[in-house]
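Working notes for the structure below.
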Amino acid sequence: MEKHTINVTINGEKYELNLAPNELLVNVVRETVGLTGTKYACGTGQCGACTVVVDGEPVLGCLTLAVTVDGAEITTIEGVAAPEGTLDPLQEAFLDTNAIQCGFCTPGMVLVGRDLLKKIPNPSEDQIRHHIKGNICRCTGYNGIVRAIKKTAAENMAQ
Amino acid sequence: MNTRLISHEFEYHAPQTLQETLELLSRYGPQAKILAGGTDLVGHLKFGKRTPAHVIDIKKLTELKSISNGTVIRIGAGNNFKTVQEYFAGSIVYAGLYESIYSIGKTQVLNMATVGGNLANGSPKADTAPPLLTYDARIKLANLNGERTLDLKEFHTGPNKTVMADNEILTEIEFDALPTYTSSAFEKTARVGADISKITCAVTVIREGSVCRSCRIACGAAAPVPMRTALAEEMMIGKTVDEELINTVALQVGKDIRPPSYGRTSQDYRRHMVAVMFRDGFWRAWKQAEGEK
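From first to last, the protein sequence lines stand for chains X and L.
Numbering-wise, the working numbering puts 51 at position 51 of the first sequence, and it's gapless, one number per residue.
Numbering-wise, the working numbering puts 1008 at position 8 of the second sequence, and it's gapless, one number per residue.
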């Protein structure tokens, strides 16, 4: 099994990685690069905990061969807050609306929520629930998460 | 079952052009699998359901990512669901194709999975197959020696089986533009919203006032392959549409399908549900075809 060298930018930092073809993006991000905010949960593309943003679009890290993202710009949950630590407005809203219990789904939820707000700045509740359909939360019952996305949208609209 | 990693080992190829891809397929054919979005293949690699010695990644092939609209609509097989969904958003005629992708729903899967992959992996449950079947879609297969075009309804031969040879790749899906006063709809039943289909039904209606010029019906997860329901369709041609006709045709759709007797969903349930879904889909498409909401 021949290894391949890929160049990627993760949260603004450049990495040159030498990878076997069967390595999964979620494991490379967590173990090779050391960014453990991205979670492994179901491993079969059902739960969305492994979501990372590749070239502007959320994808599933557990179903992506890492060698296929050569040249890509990747954002993980660690790249969402400002470098000095100021949280993203959606992260603040998650705290304000109690959208977090165990926190395992949160990285994926925040990335997908931001993706929605980028595309539809003022989404309806249906649009929110449809957009986060690929992310499973087993604690909150989703209501807090939906409220957090709505709150951020309302704040953006007010500005 | 360990879903954390892929224990199977393989060589990886990332061709930049279709020509290069065809050469790789001709060299490695039976030992190779094509990787498009990966939402099916990578799972299969984890579970050892597929053990190719070579994986050929076609994500970089811009040649497979065109999409055009004229007397013939052509969709490059490498377009992801999101692109195709956005392309057909707001279309009354092709609403069925849009709805089939909308029903898959998951943001990440729409960004990854391709319409070509949805057909080429041969699943009888492929959500885009029924609407495309009702558009009389054709598909293009290429190998080093050239290209062939065949009707989508000839493509699937059994669960996870197609007529595609080891050295071939699906490059394009095409169908003739449908006339005005046409609309289509897609209905799906699944365990939960974002789940794999238990049964699906697509309807395309060409309407002339209160007369149905033609009604094409296709179902997924209803037989070993995605299928059209020929007898039910015949009952509709040239008929004045009323509630009684549609209820009768709905029962025929239930008889036309050949659902498997295994799995989580019983034959009876599928036959019953598909009749209900046909009715819902038909009435939506029928109203939309004349611009009614």
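Ideal Cβ placement from N, Cα and C applies to all residues, glycine included.
The residues 1196, 1197 and 1198, in chain order, have a CB closer than 7 Å to that of residue 1190 of chain L in the same chain once the five nearest residues on each side in sequence are set aside. Its chain contains 153 and 157 as the residues whose beta carbon lies nearer than 7 Å to that of residue 122 of chain X, once the 5 sequence neighbours on both sides are disregarded; these appear in chain order. Residue 1279 of chain L: member of the alpha helix (DSSP H) spanning 1267–1289, first to last residue. Residue environment: residue 1247 of chain L is assigned as exposed (fewer than 16 neighbouring CB atoms within 10 Å of its CB, all protein chains considered). The DSSP-derived three-state label of residue 1138 of chain L is strand. The C-beta of residue 57 of chain X comes closer than 9 Å to at least one C-beta of chain L. When L:1134, L:1132 and L:1185 are compared, the shortest CA-CA separation from residue 1284 of chain L is found for L:1185.
Our two residues, residue 1152 of chain L and residue 1077 of chain L, have alpha carbons roughly 13 Å apart in a direct line. Taking the Cβ atoms as the reference, residue 1130 of chain L lies roughly 5 Å from residue 1200 of chain L, within the contact range of under 8 Å.
Residue pairing from DSSP leaves residue 129 of chain X without any beta-bridge partner.
Taking a beta-carbon distance threshold of 9 Å, residue 1025 of chain L does not count as an interface residue toward chain X. Taking 9 Å as the CB threshold, residue 1010 of chain L lines the interface with chain X. Under the 8 Å Cβ criterion, the stretch 102–109 of chain X counts as touching the stretch 41–57 of chain X, having at least three qualifying pairs. Counting the other CB atoms within 10 Å of its CB gives residue 1171 of chain L a total of 16 or more, which places it among the buried residues.
In summary, the residues of the stretch 22–47 of chain X whose CB is separated from some CB of chain L by less than 9 Å are 22, 23, 24, 26, 27, 40, 42, 43, 44, 45 and 46, in the order they occur in the chain. Runs of beta strand (DSSP E) with 3 or more residues, each lying fully within the stretch 1095–1122 of chain L, are absent. Neighbourhood of residue 85 of chain X in chain L, by CB distance below 8 Å: empty, with the nearest CB roughly 27 Å away. Boundaries of the beta strand (DSSP E) harbouring residue 1057 of chain L: 1054–1057, taken from the DSSP string. Interface flag for residue 1247 of chain L against chain X is unset, since no Cβ pair is found closer than 9 Å.
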